[in-house]
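Residue numbers (numbering that gives the first Met the number 0), protein chains in the order written: chain A, 0 to 94; chain B, 0 to 175.
Glycine residues also receive a C-beta, built at the ideal position from the N, C-alpha and C atoms.
It should be emphasised that the depicted structure is a prediction, and the values quoted were computed from it without experimental measurement.
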Amino acid sequence: MNKKEIICFLLAAVLLAAVASPFASPWPDGLEKIAGDKGFLHKAETGNIITSPLADYNWPVLKNTRLGTSVAGTAGTIIVFILGWCVAKLVSRKS
Amino acid sequence: MIPLMGVLSAFIFAAQMVNFPVISGTSGHLMGGVLAAVLVGPWAGAIVITLVLAVQCFIFQDGGLTTLGANIFNMSFAGCAAGFFVYNLLRRLIGKKIGIAIGTGIAAWMSVVLAAALCSVELALSGIASLTGTMIAMVGTHSLIGICEAVISCLVVNFVMAVRPDLIYTNPVANR
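Here it is, written out as structure tokens:
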């Protein structure tokens, strides 16, 4: 992949996180819905073992807003990209 | 392959944020296991999925630390191992680009249903839910979510085939 392709693909991912994710369906996903229906959702609430400033895909400064989700999603996408790159480099060097 | 793993991880992470409604009151989102395996192979694909799940867990507190292992197992086993097996079988049987597309679609659907079934078994083994009831509900709902997984995976793979067909994983020694 050349530089232009990497930027294009990455941009597509960032756009997805920044523009589409704030408008994602607010309904619970398959497992969460069934957990609620079958009455075991509360068992997932064990209290926080770790705390992160970007918990629940929100940025505290813009708490619970679409913009907060957008910022958190963009940050996450870039973090995953960098980590993915580094891990791939680490793994491929060994083989 | 290194840049592809980076952008693929980023894309799957972003796509997993976009929940779409499946039936009233329930949504679904991309899993990406088969998509990753088709593009970078099953082993690297499992690393991509693990990375996405780890970031969701540690940075966004989504998925849960105590269930991270089960999540990684379900999605990389169902998506990257079993999913890639089904995909590769169909790709070889049918051949050509259409084989890649059909293989991706069927494997993607199957991977989501299998991951849901594995999750039901784990919940039952943990004594959290009854096996039969949870299994029926999980497999039923995820048969629908799986259709979306198949459509999205197919669209992305077809797009990659159109612009950079060499990026589709073919054999372990392919140097990309």
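In terms of beta-carbon proximity, F84/B stays away from the interface with chain A, with every pair separated by 7 angstroms or more.
DSSP, read as helix, strand or coil, puts F12/B in helix.
About 5 angstroms separates the beta carbons of M4/B and G83/A, which is inside the 8 angstroms limit, making them a contact pair. Inter-segment contact for the region 39-59 of chain B and the region 117-133 of chain B is absent: fewer than three beta-carbon pairs are separated by less than 8 angstroms. The Cβ atoms of A16/A and A13/B sit closer than 7 angstroms to each other. The DSSP-derived three-state label of T64/A is coil.
It is roughly 10 angstroms from the alpha-carbon of F76/B to the alpha-carbon of W42/B. Its chain contains A100, T103, G104, A107 as the residues whose beta carbon lies nearer than 8 angstroms to that of C153/B, once the 5 sequence neighbours on both sides are disregarded; these appear in chain order.
Residue environment: A161/B is assigned as exposed (fewer than 16 neighbouring CB atoms within 10 Å of its CB, all protein chains considered). Between G32/B and S119/B, the C-beta spacing is not below 7 angstroms. Within the same chain, Cβ atoms closer than 7 angstroms to the Cβ of W58/A are found at G67, V70, A71, the five residues on either side in sequence being excluded.
In terms of Cα proximity to N47/A, the closest of G62/B, C79/B, V39/B, L34/B is G62/B.
The beta carbon of Q15/B sits no closer than 7 angstroms to any beta carbon of chain A. The criterion of a C-beta distance shorter than 7 angstroms is not satisfied by F10/B and A19/A. In the DSSP assignment, I46/B falls within the alpha helix (DSSP H) that extends over 41-57.
Following the DSSP letters along the chain, one finds V13/A inside the alpha helix (DSSP H) bounded by residues 2-14. For the region 116-148 of chain B, the beta-carbon criterion of a distance under 7 angstroms to any beta-carbon of chain A is satisfied by C118, I127, A128, G132, T133, A136, M137, T140, H141, I144. For the 7 angstroms CB-CB criterion, F80/A and L9/A form a contact. Residue state for I22/B is assigned as strand, using DSSP reduced to three classes.
Within chain A, no C-beta atom comes nearer than 7 angstroms to that of N87/B; the closest sits roughly 21 angstroms away.
In chain order, A35, L38, V39, V47 place their CB closer than 7 angstroms to the CB of L7/B, counting only its own chain and leaving out the 5 sequence neighbours on each side. Put simply, the CB of F72/B is far from chain A, with every gap to its CB atoms at 7 angstroms or more. Listed along chain B are A13, M16, V17, each with a C-beta nearer than 8 angstroms to that of S20/A. When DSSP states are grouped into helix, strand and coil, D61/B belongs to the coil group. DSSP places R91/B in the uninterrupted alpha helix (DSSP H) bounded by 82-93. Shown here for N87/B: same chain residues with a beta carbon closer than 8 angstroms to its own, the five before and five after excluded, namely G102 in chain order. F84/B has its alpha-carbon roughly 33 angstroms from the corresponding atom of S23/B. Annotation: M0/A to Y168/B spans about 14 angstroms, alpha carbon to alpha carbon. The beta carbon of V156/B sits no closer than 7 angstroms to any beta carbon of chain A.
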